[in-house]
Structure formats: structure tokens, C-alpha cells
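Asks: Sending over a structure as C-alpha cells; questions will come in a sec.
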Amino acid sequence: SGSALAQLYGTSATLELHHFNHAVMILQSEGHNIFASLSSRVYSDIMQLLKQSILATDLTLYFERRMKFFELVNSGEHNWNVKDQREMLRSMLMTACDLGAVTKPWEISRQVAELVTSEFFEQGDRERSELKLTPSAIFDRNRKDELPRLQLEWIDGICVPLYEALVKVNPKLKPMLHGIKRNRCKWEEMHRKRQGNTDNASCSMSTQGVG
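Counting with the UniProt record's numbering, you get residues 1 to 211 for the letters of the sequence shown.
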């Protein structure tokens with residue numbers, strides 16, 4: 001909360017607002033405004049859509065909206081031509097894109113997880129050295145060996161529920177859900193090894209039942 005970005009944008013959706021403003025700066029640079037030929041009204045609508053879409057990647061907003069989205073999908077009574085429902089679907093799709101690395105082949109998914117974790121550790125180091133705070137587990141370099149467990153929690157709590165709902169909306173997304181579950185098996189295997197459990201039993205989250 002004491003960072004320069006937080007002071008500039010506030011503590012809610014700080015990075016997302018920064019990303020939107022940076023996108024606007026790029027669009028205003030000479031030769032980069034791909035919307036220059038649009039009318040002022042359409043341009044305004046496009047910019048509002050861009051802002052909404054970027055802000056939708058804030059996980060705080062995702063948690064606020066996801067149960068309503070899940071209920072809507074499970075009820076089968078959705079109508080994506082309705083403005084509010086369409087905006088909700090777009091927000092969920094933006095979050096899915098933001099989480100997309102978890103659907104990739106294992107080596108790519110693992111590398112991205114490690115890179116993101118490295119950034120988290122740097123933030124945790126600053127919290128410890130500058131703010132004299134004890135960072136939460138995911139930001140704590142002293143707990144780096146817990147990455148497999150943290151990834152399991154991340155996948156189970158955030159990624160799988162969202163992609164399962166999106167598969168119900170469009171079954172063509174099944175391969176992405178399969179990818180998540182295959183990667184989860186890898187993280188579970190690493191977690192078991194860390195605990196000294198060499199049991200070779202199949203992972204607890206099967207890829208069966210999703211198509």
C-alpha cells in the first residue's frame with residue numbers, strides 16, 4: 001500500500017489501472033492509435049470496454065463475481081445477449097486468459113509458475129526489508145520449497161472451478177481443462193515427493209469426466 005503505484009492509483013486494482021493507463025499512453029503515441037479512424041462515440045465505447053476488460057483481471061473482482069457466474073452457468077438460464085450477463089462472461093474469459101499458463105504443456109506451465117513465484121518472492125523481500133512485515137506464504141522466499149503445495153491450492157481454488165464452468169459454456173474448451181488437470185498431477189507428484197511419500201498411486205484429480 002506504500003508503493004508509488006498504490007499512491008498514484010489507490011489500493012484497489014492498482015496494477016490493472018496502471019496497465020490500462022499504460023495502454024492508453026501507447027495508443028496516444030504517434031503511429032500507434034489503431035482506433036484513430038473511429039468516431040468519437042465508438043472510440044469512447046472501445047476505451048470503456050478496454051478498461052473493463054483489463055480491470056476484470058483483478059482477482060478480487062473475480063472472487064466477487066464468480067459465484068454468480070457459476071450459478072448462472074449451472075442453471076442453464078443464461079442469455080449472453082443480455083448486457084450484464086455478456087459483461088460477466090467477458091470478465092470470466094479475461095481471467096481465464098490471465099490464468100492461461102496453467103493450461104499449457106507441463107514444462108511451459110512449470111517455468112511460468114517459477115517465474116511468477118520469483119516475482120512474488122521479490123515483493124516479499126521488499127515487504128520484509130522495507131515495511132518490516134512477514135510476507136504471506138506465496139510471497140515468502142523462506143517457504144520456496146512449498147511451491148508444489150501452493151500450486152495445488154491455486155489450481156484447486158481458482159483455476160479448475162473457472163475452467164469447469166467455461167467448459168459448460170463451450171465444450172471446445174475441454175482440452176484446456178485437461179491441460180490443467182495433467183499439470184495438477186505433476187504438482188501433486190512433486191508435493192508427495194517433498195513429503196517423503198513415494199506412493200505411485202494415480203493423482204487425486206483425474207482427467208476423466210471432463211469429456
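Using N, Cα and C, we set each Cβ at its ideal position, and we do this for glycine too.
Which residue comes first and which comes last in the alpha helix (DSSP H) that contains alanine 101?
Replies: No alpha helix (DSSP H) contains alanine 101, which DSSP labels as neither H nor E.
Asks: Among the residues of its own chain, which have a CB less than 7 Å from the CB of residue 212, if the five just before and after it don't count?
Replies: With the chain covering 1 to 211 only, the question about residue 212 has no answer from this structure.
Asks: Helix, strand or coil for tryptophan 80 per DSSP?
Replies: Of the three classes helix, strand and coil, the one that applies to tryptophan 80 here is coil, per DSSP.
Asks: I'd like the span of the alpha helix (DSSP H) that includes leucine 72, first residue to last.
Replies: Where leucine 72 is concerned, the enclosing alpha helix (DSSP H) stretches over 59-75.
Asks: How would you write the range of the alpha helix (DSSP H) that glycine 179 sits in, first residue to last?
Replies: Start and end: 174-194.
Asks: Quick one: what does DSSP say lysine 132 is sitting in, helix, strand or coil?
Replies: Here lysine 132 sits in coil by DSSP.
Asks: For a test of the three-state rule: what should DSSP assign to isoleucine 46, helix, strand or coil?
Replies: Helix, per DSSP.
Asks: Measuring CB atoms only, is the stretch 19-37 touching the stretch 67-84, in the sense that at least three cross pairs come out at less than 8 Å?
Replies: With the cut-off at 8 Å, the stretch 19-37 and the stretch 67-84 do not touch.
Asks: Taking the C-alpha atoms as reference points, what is the distance between glutamate 114 and arginine 65?
Replies: Distance between the alpha carbons of glutamate 114 and arginine 65 is about 28 Å.
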